[in-house]
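Student: Before I ask anything, let me first share the structure, which is written out below as structure tokens.
In this note's numbering, the protein residues as written are 2 to 574.
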């Protein structure tokens, strides 16, 4: 077969070079060397190869193709094309866009060069046979050309996260009403966040005044004509605290620090100033005064093998050397948490039983504790027996702690495993740690109960929790830990007012510290209250997306996230 017109043009050195520049600029040079040259290079390369491509297919329409290319490029670069772009973006599964910059029209000077080049190639006397390799090469170039022409207009969504806080005087209704009166604000959505916990099946007391505020700013930025903004809104006394979470936009190039600064300026100009929002000092800017560090245990300080990583041990030791009090705040009972504390050599009392007991690991000195009145314990056990639930009493707040139980159902394998694990953990102390008794009612009067636990199937425990709440309103605090895949729920019934947050606050006050001096790190919803109290709240990378959205995050527990957070907020200061 004779070498055709398409072969001569699409496999020519100039076309291949232009196509290569178009692809390499869009996918590499712009991202890594974003400047005036790379900003215009795609336009020059595209205007050279685009009409060449179509003129090689329709050889008798050269002049019309080049004239159409010039007109289409001018239209594409003008604001007149925005209506068609918006329509396409509403109907198509992906977005396209372009930046309106009339200096891009300088690239039109390359079209005469392209036109004379195709005339020269058409008049050449090049002849020869087309082999299999050449056919494959031509097919590859055609596919690469189509990809390059479409990809150059494809938009990628870019998300920039922030740690900026603002205050608004007034209620949420006033805030939303004022926002909807702003010319450039559209699609305002105000949704309650407390429903998240219910949907996750976790019974955690939530603040009804925490909301998600999402909206769009109708403003040109990079390839966007609208920016998606998301904030958390929290009621703080008589005002609202607005935490700017992220701004999403569309752009071919990744965001830079300059991008972040420009977005903040745009947000403050179009939103903050018009709503009269007051900037709040970022909590982590106050961490030069961190004097107390409280760490959750499972899923935070301990990795998936139940161990403290060497990096975290070193970081904790360095923090203590700087005068920081370091402790754990865990749902574990004191005796189960003590081995970890002795290994880490914490210099502050442990917060255990989800805040019901504060106690030094080494000396066994009890700093503070709460107990459930014996009459309430008896009532709790009676309700539990009606549901056939397996009960455990955690007692002895002045000693190492003793766990009492009277029965374990054959089907309750998680509880059986826990009892076996606890006995193994305490070794020679196993008998003193866990006691099997004939009847829990018989020991109530002779033991101070720090908390009561029930465990069993999810459905049964959910009903039991509801009944306990109804019968023991305002006398105890009930926390549920649910494992749906195991059909297992653990109910912890604690003294009224006991929580990690209250315990951290108590420990801070006893040391003459305020919330601004406290840093806490957690990974779950039972850490929520202490996270909200602390001046520097951090969540692990393995925490839920909701918690990572609300608070600053670090690496996961398997990646020594505790060490990374300590280095960032304490050791680097």
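Quick reminder that beta carbons are idealized off the backbone N, C-alpha and C, glycines included.
1. Across which residues does DSSP place residue 190 in a beta bridge pair?
2. Out of 448, 25, 26 and 258, state which residue places its alpha-carbon closest to the alpha-carbon of residue 378.
3. Going by CA-CA distance only, name the one from 532, 396 and 53 that's closest to residue 436.
4. Return the chain-ordered ranges of every beta strand (DSSP E) run that is complete within the segment 492-539 and spans a minimum of 3 residues.
5. Can you name the start and end residues of the beta strand (DSSP E) that residue 406 belongs to?
6. Return the chain-ordered list of same chain residues with a C-beta closer than 6 Å to the C-beta of residue 190, the five sequence neighbours on each side being excluded.
7. Between the alpha carbons of residue 116 and residue 9, how many angstroms are there, rounded?
8. For the 8 Å Cβ check, are there 3 or more pairs between the segment 559-567 and the segment 297-312?
9. Residues in the same chain with beta-carbon distance under 8 Å from residue 81, minus the five sequence neighbours each way, listed in chain order, please.
10. Quickly, what does DSSP pair residue 575 with across the bridge? List them, please.
11. How many Å lie between residue 417 and residue 213 at the Cα?
12. Determine, using beta-carbon pairs with one atom in the segment 489-499 and one in the segment 449-458, whether at least three such pairs fall under 8 Å.
13. Return the CA-CA distance between residue 287 and residue 26, expressed in angstroms with no decimal places.
14. Quick one: what does DSSP say residue 413 is sitting in, helix, strand or coil?
15. Counting beta carbon pairs with one atom in the segment 254-267 and one in the segment 221-234, are three or more of them shorter than 8 Å?
16. Determine the closest residue to residue 530 out of 550, 542, 246 and 503, with distance taken between C-alpha atoms.
17. The beta strand (DSSP E) that contains residue 329, what's its start and end?
18. Classify residue 518: buried if its beta carbon has 16 or more other beta carbons within 10 angstroms, exposed otherwise.
19. Taking 8 Å as the threshold (C-beta atoms), are residue 255 and residue 159 in contact?
20. Secondary structure at residue 570, three-state DSSP: helix, strand or coil?
21. Taking 8 Å as the CB-CB limit, is residue 24 close to chain D?
22. Have a look at 64, 83, 85 and 48 and flag the residue whose alpha-carbon is nearest the alpha-carbon of residue 74.
23. With a CB to CB cut of under 6 Å and the five nearest residues on each side skipped, what residues in its chain are close to residue 197?
24. Please classify residue 286: does DSSP put it in a helix, a strand, or coil?
25. So, with DSSP's three-state summary, where would you put residue 46?
26. In whole angstroms, what separates the C-alpha of residue 572 from that of residue 323?
27. Roughly how far, in whole angstroms, is the beta-carbon of residue 275 from the beta-carbon of residue 176, given that I think they are within contact range, below 8 Å?
28. The alpha helix (DSSP H) that contains residue 432, what's its start and end?
29. Candidates 535, 566 and 465: which alpha carbon is nearest residue 542's?
30. Given this structure, state the Cα-to-Cα distance separating residue 425 from residue 315, to the nearest angstrom.
31. Would you tell me roughly how many angstroms separate the C-alpha atoms of residue 50 and residue 118, rounded to the nearest one?
32. Out of 344, 373 and 345, which one is the CA nearest neighbour of residue 358?
33. Would you mind reading off the limits of the alpha helix (DSSP H) that contains residue 260?
34. Taking the alpha-carbon positions, what's the residue 270 to residue 166 distance?
35. Could you tell me whether the segment 397-412 touches the segment 332-349, where touching means 3 or more Cβ pairs closer than 8 Å?
36. Would you mind working out which of 353, 244, 343 and 326 sits nearest residue 297, comparing C-alpha positions?
Tutor: Once the coordinates are examined:
1. Within the chain shown, residue 190 is the residue found at index 189, counting from 1. According to DSSP, residue 190 bridges with 215.
2. For the purposes of this step, residue 378 is taken as the residue at position 377 of the chain shown. Per the Cα distances, 448.
3. To locate residue 436, count along the chain shown from 1; it is residue 435. If we check each option's Cα against that of residue 436, 396 comes out closest.
4. Segments of the beta strand (DSSP E) lying fully in the segment 492-539: 519-523.
5. On the chain shown, position 405 is the one that residue 406 refers to. Counting along the chain, the beta strand (DSSP E) containing residue 406 begins and ends at 403-406.
6. Residue numbering aside, residue 190 sits at position 189 when the chain shown is read from its first letter. The beta carbon of residue 190 is closer than 6 Å to those of 215 in its chain, skipping five residues each way along the sequence.
7. In the chain shown, the residue the question calls residue 116 occupies position 115. In the chain shown, the residue the question calls residue 9 occupies position 8. Going by the C-alpha atoms only, they are around 15 Å apart.
8. Flag = yes, the segment 559-567 and the segment 297-312 touch.
9. Along the chain shown, read from residue 1 onward, the residue named residue 81 stands at position 80. Correct list: empty, nothing qualifies.
10. With the chain covering only 2 through 574, there is no way to say anything about residue 575.
11. Mapped onto the chain shown, residue 417 falls at position 416. Mapped onto the chain shown, residue 213 falls at position 212. Between the C-alpha atoms of residue 417 and residue 213 there is a straight-line separation of about 42 Å.
12. In this structure the segment 489-499 lies against the segment 449-458, because at least three pairs of beta carbons, one per stretch, are closer than 8 Å.
13. The residue given as residue 287 occupies position 286 in the chain shown. The residue given as residue 26 occupies position 25 in the chain shown. Interpretation of residue 287 is limited by its pLDDT of 40, a score under 50 that renders its predicted location unreliable; the figure taken from the coordinates is listed afterwards. Answer to the nearest angstrom: the Cα atoms are 43 Å apart.
14. Here residue 413 refers to the residue found at position 412 when the chain shown is read from its first residue. In the three-state DSSP reduction, residue 413 falls in the coil class, being neither helix nor strand.
15. The segment 221-234, when compared against the segment 254-267, does touch it at the 8 Å Cβ threshold.
16. The residue labelled residue 530 in the question sits at position 529 within the chain shown. The shortest C-alpha separation from residue 530 is found at 503.
17. The sequence position of residue 329 within the chain shown is 328, counting from 1. Segment 326-329, the beta strand (DSSP E) holding residue 329.
18. Residue mapping note: residue 518 aligns to position 517 of the chain shown, counting from 1. Buried: at least 16 other Cβ atoms inside 10 Å.
19. Position 158 of the chain shown, counting from 1, holds the residue named residue 159. Position 254 of the chain shown, counting from 1, holds the residue named residue 255. Against a cut-off of 8 Å, the Cβ pair of residue 255 and residue 159 comes out as a contact.
20. In the chain shown, the residue the question calls residue 570 occupies position 569. Reduced to three states, the DSSP call for residue 570 is helix.
21. No chain D appears in this structure, which consists of one protein chain only.
22. Indexing the chain shown from 1 puts residue 74 at position 73. Nearest C-alpha to residue 74: 48.
23. Locating residue 197 in the chain shown gives position 196, counting from the first residue. Because the pLDDT of residue 197 is 45, which lies under 50, any placement of that residue in the model is unreliable, and the number read from its coordinates should be weighed accordingly. Excluding residues within five positions, the ones whose Cβ falls inside 6 Å are 547.
24. Numbered from its first residue, the chain shown carries residue 286 at position 285. Confidence at residue 286 is low in this model, with a pLDDT of 42, below 50, so its placement is unreliable and the value that follows should be read with caution. In the structure shown, residue 286 sits in a helix (DSSP, three-state: H, G or I).
25. Along the chain shown, one-based indexing puts residue 46 at 45. Of the three classes helix, strand and coil, the one that applies to residue 46 here is helix, per DSSP.
26. Sequence index remark: in the chain shown, residue 572 carries index 571 (1-based). Sequence index remark: in the chain shown, residue 323 carries index 322 (1-based). If you take the alpha carbons of residue 572 and residue 323, they lie about 8 Å apart.
27. Here residue 275 refers to the residue found at position 274 when the chain shown is read from its first residue. Here residue 176 refers to the residue found at position 175 when the chain shown is read from its first residue. About 12 Å; that fails the 8 Å criterion.
28. In the chain shown, residue 432 corresponds to position 431, counting from 1. Counted as a single uninterrupted DSSP element, the alpha helix (DSSP H) harbouring residue 432 occupies residues 431-434.
29. Along the chain shown, one-based indexing puts residue 542 at 541. That would be 566, whose Cα lies nearest to the Cα of residue 542.
30. Numbered from its first residue, the chain shown carries residue 425 at position 424. Numbered from its first residue, the chain shown carries residue 315 at position 314. Note on geometry: alpha-carbon atoms of residue 425 and residue 315 lie some 28 Å from one another.
31. Within the chain shown, numbered from 1, the residue matching residue 50 stands at position 49. Within the chain shown, numbered from 1, the residue matching residue 118 stands at position 117. About 11 Å.
32. Walking along the chain shown from the start, residue 358 turns up at place 357. Comparing alpha carbon positions, the residue from 344, 373 and 345 closest to residue 358 is 373.
33. Taking the first residue of the chain shown as 1, we reach residue 260 at position 259. DSSP places residue 260 inside the alpha helix (DSSP H), whose first and last residues are 258-268.
34. Taking the chain shown and counting its residues from 1, the one referred to as residue 270 is at position 269. Taking the chain shown and counting its residues from 1, the one referred to as residue 166 is at position 165. Spanning the two alpha carbons is a distance of roughly 15 Å.
35. In short, these stretches touch, since the Cβ pair count reaches three.
36. On the chain shown, position 296 is the one that residue 297 refers to. The candidate whose alpha carbon is nearest that of residue 297 is 353.
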